[in-house]
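Structure first, then comments.
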Amino acid sequence: MNEPDKSKKFYTKPIFVNSVLLFVNLGLFIFKLIFADLSGSLALRADAFDNLTDIIMVFAALTGIIYAKRKPNEQFPYGYYKIENIISLIISLVIFYTAYNV
Numbered sequence: 361m362n363e364p365d366k367s368k369k370f371y372t373k374p375i376f377v378n379s380v381l382l383f384v385n386l387g388l389f390i391f392k393l394i395f396a397d398l399s400g401s402l403a404l405r406a407d408a409f410d411n412l413t414d415i416i417m418v419f420a421a422l423t424g425i426i427y428a429k430r431k432p433n434e435q436f437p438y439g440y441y442k443i444e445n446i447i448s449l450i451i452s453l454v455i456f457y458t459a460y461n462v
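Under our numbering, the first residue of the sequence shown carries the number 361, and numbering increases by one thereafter.
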């Protein structure tokens with residue numbers, strides 16, 4: 361197995377899992393928001409917006425994985441795999457910021 365095939369296979373499962381998570385969280389957000397409006401529940405509305413932040417985080421992770429699987433080029437001779445670390449750092453900073461504000 362040559363290197364590009366190995367890299368492509370390595371990133372297939374995380375992309376699939378994050379895509380499923382993205383759509384599940386989107387469905388939960390819509391579902392909770394609709395029922396929060398129907399019932400007038402502020403707790404359900406807050407939980408819906410918690411799902412919205414989950415959507416943003418999963419989208420960021422998915423974007424990082426998609427960029428990390430790019431092949432090396434002249435500008436990045438070792439590839440883009442380090443972008444995963446940068447995206448993880450951004451996600452952790454957002455989580456800490458959210459925890460600080462709560």
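Quick reminder that beta carbons are idealized off the backbone N, C-alpha and C, glycines included.
Note that the structure is a prediction, hence the values are computed from the model and not measured.
Can you list, in chain order, the residues of its chain with a C-beta nearer than 7 Å to that of residue i? Leave out the 5 residues immediately preceding and following it.
| i | result |
| --- | --- |
| A408 | F389, K392, L393, A396 |
| L404 | K392, F395, A396 |
Going by CA-CA distance only, name the one from the options that's closest to residue i.
| i | options | result |
| --- | --- | --- |
| R430 | I443, A420, D410 | I443 |
| I415 | I446, N378, Q435 | N378 |
| I426 | L404, L402, N461, I447 | I447 |
| P348 | Y457, T458, F419 | In the structure displayed, the chain extends from 361 to 462; residue 348 sits before or after that span and is not available. |
| Y441 | T458, A428, Q435, L404 | A428 |
Taking residue i and residue j to be in contact with their CB atoms under 8 Å, please state how far apart those CB atoms are, rounded to whole angstroms.
| i | j | result |
| --- | --- | --- |
| L422 | L382 | 6 Å |
Under the rule that 16 or more other beta-carbon atoms within 10 Å means buried, what is residue i, buried or exposed?
| i | result |
| --- | --- |
| M361 | Because M361 carries a pLDDT of 45, less than 50, the predicted location of this residue cannot be relied on, and the following value inherits that uncertainty. With fewer than 16 other Cβ atoms within 10 Å, it is exposed. |
| G400 | exposed |
| G424 | buried |
| V445 | The sequence given here places Asn at residue 445; Val does not occur at that position. Label assigned to N445: exposed. |
| N385 | buried |
Got a sec? Which residues, its chain only, sit under 6 Å from residue i by beta carbon, not counting five neighbours each side?
| i | result |
| --- | --- |
| G439 | P432 |
| M417 | I451 |
Return the chain-ordered list of same chain residues with a C-beta closer than 8 Å to the C-beta of residue i, the five sequence neighbours on each side being excluded.
| i | result |
| --- | --- |
| F376 | none |
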